[in-house]
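Student: Next up is a structure, given as structure tokens.
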Amino acid sequence: MEKRNLETTKAALLKAAGKLMTECGDPTEVTSRAISGEAGVNLAMINYCFGSREALLFEVFKKLQSEAFNRNFIFQKIIKSDISPKEKLILLHYESMKIMLENFKYVKAVTKFALLERGISAERGSLSLINEHFGGRRTEPECLFMAYQISSLHELAVLRHEEIRDVCGIDLTDDETLKKYVTDNINMFLGEEE
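Just so you know, the sequence shown maps onto residues 961 to 1154 in my numbering.
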């Protein structure tokens, strides 16, 4: 397939999947057939362009997440603040988890794929803060692995938040409980002391 046509097809699939994801009541309704039909392309193009429906939906989710973060000035405010890197990390993960819980239907559609298929090197978002926190006392690969562990733990907790509430009595949709959960996890990885 010609590169230009391939890029046009990929763009059409992303746009169609994004439209369907934002309009649907249940992301399981966003089937490969629905996406290809909305995009006006052959069903096989989803796998050809993205490898799977889940990979396509994950790309759409990353775009929607990025747009939400860019519209939500709290993230820029946290990054620019003069608090410690660890406190920034806590607040960023707390706010991210709040957004994920508020948009659970999208998260549910892509988190399994993200947990199993996303590469460890994709965790660059928290890496700089973890590096800064440790100030050279840990290697970059160690810090990257911590970033991956923290993100994966939080994504899994969001994915299973209803069962965590029902079985453990921990309601992550409660702001105070969520903040404590995130703080405890970051402390577990980065240590209690600054």
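Backbone N, C-alpha and C define an ideal beta-carbon position, used for all residues, glycine too.
#1: Does the segment 1114-1129 come within contact of the segment 1054-1070, defined as at least 3 CB pairs closer than 8 angstroms?
#2: What are the start and end residues of the alpha helix (DSSP H) that includes F1035?
#3: Pick from A994, A1074 and F1149: whose alpha carbon is nearest that of N1091?
#4: Taking 8 angstroms as the threshold, find out whether the segment 1039-1047 comes into contact with the segment 1012-1029 through three or more Cβ pairs.
#5: Taking Cβ to Cβ, would you say F1018 is nearer than 7 angstroms to V1070?
#6: Roughly how many angstroms separate the alpha carbons of T1143 and N1007, rounded to a whole number?
#7: Give a yes or no on whether the minimum CB-CB distance between K1023 and chain B is below 7 angstroms.
#8: Jot down the residue ranges of each uninterrupted alpha helix (DSSP H) in the segment 969-1008, minimum 4 residues, whole runs only, in chain order.
#9: Could you check which residue in C1009, E983 and T991 has the C-alpha nearest to that of A972?
#10: From this set, A977, S1088, M981 and I1080, which residue's C-alpha is nearest V1001's C-alpha?
#11: Excluding five sequence neighbours on each side, which residues of the same chain lie with their C-beta closer than 8 angstroms to the C-beta of K970?
#12: Short check: CB of E1116 to CB of S1086, under 7 angstroms?
#13: Quick check: the Cα distance between I1080 and L974, rounded to an integer number of angstroms?
#14: Taking 7 angstroms as the threshold (C-beta atoms), are L1075 and S1112 in contact?
#15: If you follow the alpha helix (DSSP H) that I1146 is part of, which residue opens it and which one closes it?
#16: Can you tell me which of the three DSSP states T1099 falls into?
#17: At what residue ranges does the segment 1046-1131 contain a whole run of the beta strand (DSSP E), taking only runs of 3 or more?
Tutor: In this structure, then:
#1: yes
#2: I1034 to K1040
#3: F1149
#4: no
#5: yes
#6: 40 angstroms
#7: The displayed structure is made up of one protein chain only, and chain B is not part of it.
#8: 992-999
#9: C1009
#10: A977
#11: C1009 and F1010
#12: Residue 1116 is actually Leu in this sequence, not Glu. Going by C-beta atoms, L1116 is not nearer than 7 angstroms to S1086.
#13: 24 angstroms
#14: yes
#15: D1135 to L1150
#16: coil
#17: none
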